[in-house]
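Peer 1: One structure coming up, written as structure tokens, with questions to follow.
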Amino acid sequence: MYFLTVILGTLLPALAAATPVEVTTTSAAATASPTVVRHWTLDEVSRKRGVRNQACRWHMVVRQSSPVSGNSTAADVTCDFQVLSERGFDCSKVPFARTRCSEEDHSSFYVSASHNDNGFVVVLVENLDEDAQAFFGFHDGALDAGGDIAPQTSPATASPYGRGSGGAASAAMLALDDGTEADGQAQRLWRVLNGVHQMDSVKHRVDMAFEIRTSRYATAKTCFLRVYAPRGANLAKLQFYDKKCDGTNFYVSWGYMESSDAGIMTLVGPKRNMMAFFGFPNISASMFLKQAGPSAVLPCSCGQPPISNSDDMGGEKEA
């Protein structure tokens, strides 16, 4: 209870006092969602732990179909890979970035995953050759049980953040040197903390506030957003794309995953060359967002900042 009181006593008054970035989803800028190129179904998903929980062997099959007819449009892609963790860390909770589906075939397909304190795993599948991506969500309980997991189908969209021509250039950028980590860790990790996702059905809007931590010792940066929706819209399912935070120069996209009643957040850094994603299940049941991450940062060619449909509220200048 004390923890929740602290959140209410800090983030929510700050959200009310600030003038958050206001986004009205009826505007062209706010509704420019990525193009659906296919539907991907993730089937036969399993995660088996071994070696004192330091090795997780993943298996999944990506089935591709047309977004219109639902007919198969390409061969199935089988993914078999292993995620390793250091001693004392559970491999099931370790984020990983752009792990190739198979060393032998389908080299353009990569898988990334992030984890949150609710035991919710967000899986991002990408075809780097086609700049297409799709998100899926699984609970640790189902993965740990080892039984059959129902197939999940998600829209495979053209990446909202172009990664250049084809997968070769992208694959060559898989590792990012993190100069801020004191322990010499090579992979940059971001976390989202103390989040609030408040739906106001009277004012037809969603207010969001959360903290972004970009390294273990970095000062947290607070992001505020206010998003207006058309009357009658389901606020839990409200989505928006590439909106600048008030309070910091990060950019946020927010999607909705109905199978887990989950919000999927993509953060783009101030220099627009890095991004990370996070999942928050059961957003209809609580305004509080569980801590998400650490999530491995992915390199991106995120382009120029979008033209805002509201006044630029400033925010700190990032180096």
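Residue numbers (mature numbering (1 follows the signal peptide of the UniProt record, and there is no 0)): -18 to -1, 1 to 301. Think of the CB as a built atom: it goes at the ideal place given N, C-alpha and C, for glycine as much as any other residue. Source: prediction; values computed, not measured.
Mind listing, in chain order, the continuous alpha helix (DSSP H) runs of no fewer than 4 residues lying wholly within the stretch 208 to 244?
Peer 2: If we require 4 residues or more, the stretch 208 to 244 turns out to have no alpha helix (DSSP H) run fully inside it.
Peer 1: Beta-carbon within less than 6 Å of K203's beta-carbon, same chain only, minus the 5 sequence neighbours each way: which residues are those?
Peer 2: Correct list, in chain order: I194 and T230.
Peer 1: Pick from V27, V234 and A95: whose alpha carbon is nearest that of E108?
Peer 2: Minimum Cα distance to E108 is reached at A95.
Peer 1: Compute the distance between the beta-carbons of K219 and N98, then report whether it is under 9 Å.
Peer 2: The answer is no: Cβ separation not under 9 Å.
Peer 1: Between the C-alpha atoms of D130 and D58, what's the straight-line distance to the nearest angstrom?
Peer 2: Their Cα atoms are separated by approximately 19 Å.
Peer 1: Which residue marks the beginning of the alpha helix (DSSP H) containing L110, and which one marks its end?
Peer 2: Where L110 is concerned, there is no enclosing alpha helix (DSSP H), given that its DSSP letter is neither H nor E.
Peer 1: Distance, Cα to Cα, P137 vs M239?
Peer 2: Looking at the two C-alpha atoms, the distance is approximately 10 Å.
Peer 1: Pick helix, strand or coil for D189, following the three-state DSSP scheme.
Peer 2: Three-state DSSP puts D189 in a strand.
Peer 1: Alpha carbons only, please: which of W22, K75 and V209 is nearest the one belonging to K30?
Peer 2: Checked all of W22, K75 and V209; the closest Cα to K30 is K75.
Peer 1: From what residue to what residue does the beta strand (DSSP E) around D182 run?
Peer 2: It spans L171 to D182 - the beta strand (DSSP E) in which D182 sits, taken as one unbroken run.
Peer 1: Straight-line CA distance for G146 to S283?
Peer 2: Residue placement at G146 is poorly supported in this model, since its pLDDT is 41, which falls under 50; the coordinates still yield a value, given next. Their backbone Cα atoms lie some 7 Å apart in a straight line.
Peer 1: Would you kindly report the start and end of the unbroken beta strand (DSSP E) that includes D62?
Peer 2: D62 -> beta strand (DSSP E) spans V59 to L66.
Peer 1: Out of L110, Q169, M269 and S266, point me to the one whose CA is closest to P77's CA.
Peer 2: Comparing Cα positions, the closest option is Q169.
Peer 1: Pick from V279, Y199 and S47: whose alpha carbon is nearest that of L171?
Peer 2: Residue V279 is the option with its Cα nearest to L171.
Peer 1: Could you have a look at S96 and say whether DSSP puts it in helix, strand or coil?
Peer 2: In this structure, S96 counts as strand in the three-state DSSP scheme.
Peer 1: In whole angstroms, what separates the C-alpha of R20 from that of Q115?
Peer 2: Answer to the nearest angstrom: the Cα atoms are 10 Å apart.
Peer 1: N264 to D243, Cα distance in whole Å?
Peer 2: Approximately 5 Å between the Cα atoms of the pair.
Peer 1: Let me know if K253 comes out buried or exposed under the rule of 16 or more other beta-carbons within 10 Å of its beta-carbon.
Peer 2: Burial call: exposed.
Peer 1: Rounded C-beta distance between F270 and V104? I'm assuming under 8 Å.
Peer 2: Between V104 and F270 the Cβ distance is about 18 Å, and since that is not below 8 Å, they are no contact.
Peer 1: I'd like to check one pair, V250 with D224: are the Cβ atoms closer than 9 Å?
Peer 2: Yes, they are a contact pair.
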